[in-house]
Amino acid sequence: MIAEYLRPERWLNPAAGPLYVQLRKRIEAAIATGLLPPESALPPEREIATVTELSRVTVRKAMSELAEQGIVVQRQGHGSFVAPRKARVEQPLSQLTSFTEDMALRGMKAASQWLERGLFLPNADEVAILGLGPRDQVARLARLRTADDRPMAIERASLSPEILPNPLAVTGSLYDVLGQAGLRPVRAVQKISAINLGADDADLLDLPAQAAGLRIERISSLADGRVAEFTRSIYRGDAYQFVAELHPIPEGGT
Ligand code: GLP
């Protein structure tokens, strides 16, 4: 079945960039969709080269990138295997933590690549949710968030300039910067929904288009009721496992 899936006429496009990258993505997609399940054996390089009509050098390059990314494990003398399923980050649903804290709690190092950072003219959602005036600007931070260099989420935060006058002051954790100004949020409402990733988001998250993802929207506020932050995030579907502790409805409650 995998041989059929790797037939070049089904995916290879000589005009679409380096062949080894296309092959790597094709194999990644087979893994992401479950065609190649965790710990299953990949066909030998020579077989992949025959089926795909690519050179051994190209196949080897694709395989070694998959191995470097931890997607595939190469065992001397035994061939290549899909890596075992990664433990998901367990995320309690009731704690108001930052991405940096979530990752540190699990021994991982959070980092970001900036996609956008500055003061902009707000859109209608930002005006309504952040309670902005007609002439106000909005502080926007858009980041690709990584944990131990692995892309985890794309986060787009909007804040009133009253809360974050200088978005450039955020170089690491947003919640740290807010905390230093005495403006760390104390409550938040968060909505989570399942999505299939669009091509651009998938690309940033190093996943094939249409892979499973989570859309998370957080609106957090300060003790005085002012909205601190309106953040829309797209997480890899395999990054998090949300955990909620449930209690029975108290006697006489609704
Ligand atoms: C989480 C939340 C975001 C929040 C971010 C702050 O990921 N979903 O709403 O903006 O944490 O993280 P940090 O302080 O690491 O920038």
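All residue numbers for the sequence shown refer to the working numbering, where the first residue is 1 and numbers rise by one. Built from N, CA and C at the ideal position, the CB exists for glycine as well. As the structure is a computational prediction, the values presented were derived from the model and not from experiment.
Please classify residue i: does DSSP put it in a helix, a strand, or coil?
i, result
"Arg226", "coil"
"Thr191", "Looking at the sequence itself, residue 191 is Lys, so the reference to Thr does not match. Residue state, collapsed to three classes: strand."
"Leu7", "Rather than Leu, the amino acid found at residue 7 in this sequence is Arg. In this structure, Arg7 counts as coil in the three-state DSSP scheme."
"Leu93", "coil"
"Ile216", "strand"
"Met152", "strand"
"Leu115", "strand"
"Ala202", "helix"
"Gly107", "coil"
"Arg60", "helix"
"Leu144", "strand"
"Gln180", "helix"
"Ile71", "coil"
"Ile234", "strand"
"Ala139", "strand"
"Arg241", "The residue asked about is misnamed: residue 241 is Gln in this sequence, not Arg. The answer is strand: DSSP assigns Gln241 an E or B state."
"Asn127", "As written in the sequence, residue 127 is Val, which differs from the Asn given in the question. In this structure, Val127 counts as helix in the three-state DSSP scheme."
"Ala169", "helix"
"Val82", "strand"
"Leu54", "coil"
"Leu246", "coil"
"Leu159", "strand"
When the distance is taken between beta carbons, is residue j closer than 8 Å to residue i?
i, j, result
"Ile71", "Leu6", "no"
"Ala139", "Leu121", "no"
"Arg145", "Ala110", "yes"
"Leu141", "Ser160", "no"
"Ser173", "Thr100", "yes"
"Ala3", "Val57", "no"
"Val243", "Pro14", "no"
"Leu96", "Ala188", "yes"
"Met152", "Arg236", "yes"
"Ile31", "Val82", "yes"
"Leu255", "Ala62", "With the chain covering only 1 through 254, there is no way to say anything about residue 255."
"Ala178", "Ala209", "Looking at the sequence provided, one finds Leu at residue 178 rather than Ala. Not a contact, by the Cβ cut-off of 8 Å."
"Glu217", "Gln180", "no"
"Leu36", "Leu42", "yes"
"Pro167", "Arg117", "yes"
"Asp148", "Met108", "yes"
Nearest CA to the CA of residue i: which residue from the options?
i, options, result
"Ile154", "Asp224, Met108, His78, Leu207", "Leu207"
"Arg215", "Leu222, Arg226, Tyr240, Asp203", "Tyr240"
"Glu45", "Gly34, Thr33, Ile27, Pro38", "Ile27"
"Pro38", "Pro8, Val57, Ser80", "Ser80"
"Ile219", "Val21, Leu42, Gly198, Pro185", "Pro185"
"Thr231", "Ile31, Ala30, Arg143", "Arg143"
"Leu132", "Leu183, Gln210, Asp238, Arg226", "Arg226"
"Pro199", "Ala212, Glu90, Ala83", "Checking the sequence shown, residue 199 turns out to be Ala, not Pro. Of Ala212, Glu90, Ala83, the residue nearest in Cα terms is Ala212."
"Ser193", "Leu205, Gly182, Ala223, Ile234", "Ile234"
"Tyr20", "Leu222, Asp176, Glu65", "Glu65"
"Tyr175", "Ser94, Glu251, Leu35, Leu222", "Leu222"
"Thr171", "His247, Ser94, Trp114, Arg135", "Trp114"
"Leu205", "Gln69, Leu54, Pro8", "Gln69"
"Arg150", "Asp203, Leu183, Ile163", "Asp203"
"Leu54", "Leu12, Ile195, Ser94, Glu126", "Leu12"
"Glu90", "Asp125, Ala29, Gly252, Glu245", "Glu245"
"His78", "Arg85, Ser40, Ser112", "Ser40"
"Gly182", "Thr33, Val59, Pro134, Ile163", "Ile163"
Is residue i a contact residue of the ligand HEM, with contact defined as CB to any heavy atom under 7 Å?
i, result
"Glu245", "This structure lacks the ligand HEM; its bound ligands are the ligand GLP."
In the region 27-52, which residue ranges form an unbroken alpha helix (DSSP H) of at least 4 residues, counting only runs that do not cross its ends?
-> If only complete runs of 4 or more residues are kept, the region 27-52 shows the alpha helix (DSSP H) at 45-52, in order along the chain.
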